[in-house]
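If you're matching positions, the sequence shown starts at 1 in UniProt numbering and goes up one per residue.
Data first, discussion second: the structure below is written as structure tokens.
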Amino acid sequence: MKAVHYITLGSASILIALLYWGGNTIPPLKKHDHDHQPQQGGMAQGPNTMKPASFDSLLAASKKLLPKTAADTVKTIENELTAIRDSSRMAAVFVRLSGVYERNKQFPIAAYFSGKAGKLEKSAKDLTFAGQIFLQLMQDEHSPSVQLWEAGEAVSCLEQSAQIDPNNEDTKLALATAYIEGSGEPMKGVAILRAVTAEKPDDIPANMLLGRMSIQSGQFDKAVKRFETVLKVEPSNSEAMYFLAQAYEGLGNKEKTIELLERCKTLVNKPDFSKEIDRKINSLK
Numbered sequence: 001m002k003a004v005h006y007i008t009l010g011s012a013s014i015l016i017a018l019l020y021w022g023g024n025t026i027p028p029l030k031k032h033d034h035d036h037q038p039q040q041g042g043m044a045q046g047p048n049t050m051k052p053a054s055f056d057s058l059l060a061a062s063k064k065l066l067p068k069t070a071a072d073t074v075k076t077i078e079n080e081l082t083a084i085r086d087s088s089r090m091a092a093v094f095v096r097l098s099g100v101y102e103r104n105k106q107f108p109i110a111a112y113f114s115g116k117a118g119k120l121e122k123s124a125k126d127l128t129f130a131g132q133i134f135l136q137l138m139q140d141e142h143s144p145s146v147q148l149w150e151a152g153e154a155v156s157c158l159e160q161s162a163q164i165d166p167n168n169e170d171t172k173l174a175l176a177t178a179y180i181e182g183s184g185e186p187m188k189g190v191a192i193l194r195a196v197t198a199e200k201p202d203d204i205p206a207n208m209l210l211g212r213m214s215i216q217s218g219q220f221d222k223a224v225k226r227f228e229t230v231l232k233v234e235p236s237n238s239e240a241m242y243f244l245a246q247a248y249e250g251l252g253n254k255e256k257t258i259e260l261l262e263r264c265k266t267l268v269n270k271p272d273f274s275k276e277i278d279r280k281i282n283s284l285k
């Protein structure tokens, strides 16, 4: 199964890869030692003291950006909601409200109301979809407080989805990402990924996530094992090959790094990518 979300790492060289594989990514990882216990001399990260943006303020700002016809439609739907007492009927109205904001490119608010509908209907599919939308929104969000709010909404939707359908791997991986990126409890995400690989040692998305986190935390030997596991299953997985090269570079093995980059270049076979790889190889020689 192909993961919907692979972690985007905070490294300039990794941005090369994201141009070719990173279409579904989220903001850079904070510096955690994700795969195992903190390394000697490392500093544990304290709790996040920033407060998430308030939904009411985000809603008010979005309403100001709506054209008059859309604003009038929103007001009409909101009036309908105040008159409804049956939660099962509310879900359909929230879907309509979400549609208005989506059509007017107010995507965080659209995702919020979509998630509200999914929670009322107890739809694992809709909740996972809303959670994944929030993870995608985090990628381009410039405001840390809004990004934190989006992360919290992703966790909320995905946690409920996982309770309804605990065996859905896409939901597990998305929830792990949400924990790692926004909840302030990254080890919850790591625990989910470890549980996946304990049951399915060759699971490609989970190993990719753990491998990239190992690179971020400087545990290059662990990253090598993760990406080699992926390549045993998918020998032509150019993304895994690229990050395996990054791991070997971190270990100081230039010869192996260059070998893997050359193989990766052949697999991808795109002129712009080849130029970047050649530039990278020349810097290693």
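For glycine and all other residues, C-beta sits at the position ideal for the given N, C-alpha and C.
Quantities reported herein were computed from a predicted structural model and do not represent experimental measurements.
Q.
Can you find the residues in the same chain that come closer than 8 Å, C-beta to C-beta, to residue 93, ignoring five residues on each side of it along the sequence?
A. Translated into positions along the sequence shown, residue 93 becomes position 93. Within the same chain, residue 93 has close Cβ partners 77, 80, 81, 84.
Q. Do residue 95 and residue 114 have their C-beta atoms within less than 8 Å of each other?
A. If you number the sequence shown from 1, residue 95 lands on position 95. If you number the sequence shown from 1, residue 114 lands on position 114. For residue 95 and residue 114, yes; Cβs fall inside 8 Å.
Q.
Measuring only the C-alpha atoms, how far is residue 207 from residue 86?
A. As a first step, residue 207 must be located in the sequence shown, where it is residue number 207. As a first step, residue 86 must be located in the sequence shown, where it is residue number 86. Their backbone Cα atoms lie some 44 Å apart in a straight line.
Q: Report the residue from 219, 175, 169 whose alpha carbon sits nearest the alpha carbon of residue 204.
A: Start at 1 with the first residue of the sequence shown, and residue 204 comes out as number 204. Just measuring C-alpha positions, the residue of 219, 175, 169 sitting nearest residue 204 is 169.
Q.
Please return the same chain residues whose Cβ sits closer than 8 Å to the Cβ of residue 274, not counting the five positions on each side in sequence.
A. Against the sequence shown, residue 274 aligns to sequence position 274. These residues qualify, in order along the chain: 265, 268.
Q: Would you identify the three-state DSSP class for residue 292, choosing helix, strand or coil?
A: No answer is possible for residue 292: the residues shown for the chain start at 1 and end at 285.
Q.
Whole angstroms are fine: how far does the CA of residue 163 sit from the CA of residue 121?
A. Taking the first residue of the sequence shown as 1, we reach residue 121 at position 121. Taking the first residue of the sequence shown as 1, we reach residue 163 at position 163. Going by the C-alpha atoms only, they are around 14 Å apart.
Q | Closest Cα partner of residue 112 within the set 89, 144, 70, 156 | A | As a working note, residue 112 is residue 112 in the sequence shown. Measuring from the Cα of residue 112, the nearest candidate turns out to be 156.
Q. Using the rule of at least 16 other Cβ atoms within 10 Å of the residue's Cβ for burial, across every protein chain shown, is residue 126 buried or exposed?
A. For the purposes of this step, residue 126 is taken as residue 126 along the sequence shown, with counting starting at 1. So residue 126 counts as buried.
Q. Hey, quick one: how far does the alpha helix (DSSP H) through residue 274 stretch, first residue to last?
A. Taking the first residue of the sequence shown as position 1, residue 274 is located at position 274. Taken as a continuous stretch (DSSP letters only), the alpha helix (DSSP H) holding residue 274 covers 271-284.
Q.
Tell me the residue span of the alpha helix (DSSP H) that contains residue 56.
A. For this step, residue 56 is matched to residue 56 along the sequence shown. From DSSP, the alpha helix (DSSP H) with residue 56 extends over 55-64.
Q: Within its chain, find whatever has a CB closer than 7 Å to the CB of residue 193; leave out the 5 residues flanking it on each side and keep chain order.
A: By 1-based counting over the sequence shown, the position of residue 193 is 193. If we look at residue 193 and ignore the five residues flanking it on each side, its Cβ neighbours are 176, 206, 209, 210.
Q. Around the Cβ of residue 172, are there at least 16 other Cβ atoms within 10 angstroms (buried) or fewer (exposed)?
A. Here residue 172 corresponds to residue number 172 of the sequence shown, with the count starting at 1. So residue 172 ends up on the buried side.
Q: Buried or exposed for residue 195, please, with buried defined as at least 16 other CB atoms from any protein chain shown within 10 angstroms of its CB.
A: Within the sequence shown, numbered from 1, the residue matching residue 195 stands at position 195. Classification for residue 195: exposed.
Q.
Measuring straight from C-alpha to C-alpha, what distance separates residue 57 and residue 67?
A. Here residue 57 refers to the residue found at position 57 of the sequence shown. Here residue 67 refers to the residue found at position 67 of the sequence shown. Roughly 18 Å between the two C-alpha positions.
Q) Where do the ends of the alpha helix (DSSP H) carrying residue 170 lie? A) For the purposes of this step, residue 170 is taken as residue 170 along the sequence shown, with counting starting at 1. Residue range 169-178 is occupied by the alpha helix (DSSP H) that includes residue 170.
Q) How big is the Cα-Cα spacing for residue 271 and residue 242? A) To locate residue 271, count along the sequence shown from 1; it is residue 271. To locate residue 242, count along the sequence shown from 1; it is residue 242. Cα to Cα, the separation comes out at about 16 Å.
Q. Cβ of residue 196 less than 8 Å from any chain E Cβ?
A. The question asks about chain E, but that chain is absent: this structure has only one protein chain.
Q: Could you check the C-alpha separation between residue 43 and residue 189 for me, to the nearest Å?
A: As a working mapping, residue 43 is identified with position 43 in the sequence shown. As a working mapping, residue 189 is identified with position 189 in the sequence shown. Per-residue confidence for residue 43 stands at a pLDDT of 26, beneath the threshold of 50, marking its modelled position as unreliable; no derived number is given.
Q) Going by beta carbon distance, what residues of the same chain come within less than 6 Å of residue 134, once the five residues before and after it are set aside? A) The residue given as residue 134 occupies position 134 in the sequence shown. Here the set comprises 111, 150, 153, 154.
**Q.** residue 161 versus 147, 123, 59, 136, residue with shortest Cα-Cα distance
**A.** Here residue 161 corresponds to residue number 161 of the sequence shown, with the count starting at 1. The candidate whose alpha carbon is nearest that of residue 161 is 123.
**Q.** Distance, residue 146 Cα to residue 13 Cα
**A.** As a working note, residue 13 is residue 13 in the sequence shown. As a working note, residue 146 is residue 146 in the sequence shown. Because residue 13 carries a pLDDT of 42, less than 50, the predicted location of this residue cannot be relied on, and the following value inherits that uncertainty. Approximately 27 Å, taken between the alpha carbons.
Q) In three-state terms, what does DSSP make of residue 67? A) Locating residue 67 in the sequence shown gives position 67, where the first residue counts as 1. It is coil, neither helix nor strand.
Q: Helix, strand or coil for residue 218, going by three-state DSSP, please let me know.
A: Working through the sequence shown from its first residue, we reach residue 218 at position 218. Residue state, collapsed to three classes: coil.
(Q) Within the continuous alpha helix (DSSP H) that includes residue 152, where are the two ends? (A) Residue 152 sits at position 152 when you count from the first residue of the sequence shown. It spans 144-164 - the alpha helix (DSSP H) in which residue 152 sits, taken as one unbroken run.
Q | Rounded C-alpha distance that separates residue 27 from residue 102 | A | As a working mapping, residue 27 is identified with position 27 in the sequence shown. As a working mapping, residue 102 is identified with position 102 in the sequence shown. For residue 27, the predicted model reports a pLDDT of 34, less than 50, meaning its position is unreliable and no value from the coordinates is stated.
Q: Mind reading off the beta-carbon distance from residue 215 to residue 247? Whole number of angstroms is fine, and I expect it under 8 Å.
A: Position 215 of the sequence shown, counting from 1, holds the residue named residue 215. Position 247 of the sequence shown, counting from 1, holds the residue named residue 247. Contact holds; Cβ gap of about 6 Å.
Q: Report the residue from 51, 261, 276 whose alpha carbon sits nearest the alpha carbon of residue 143.
A: Here residue 143 is taken as the residue at index 143 of the sequence shown, counted from 1. If we check each option's Cα against that of residue 143, 51 comes out closest.
Q) Leaving out the 5 sequence neighbours to the left and right, which residues in its chain are closer than 8 Å to residue 148 when beta-carbon positions are compared? A) Position 148 of the sequence shown, counted from the first residue, corresponds to residue 148. Cβ neighbours of residue 148 beyond the five flanking positions: 48, 50, 51, 52, 53, 182.
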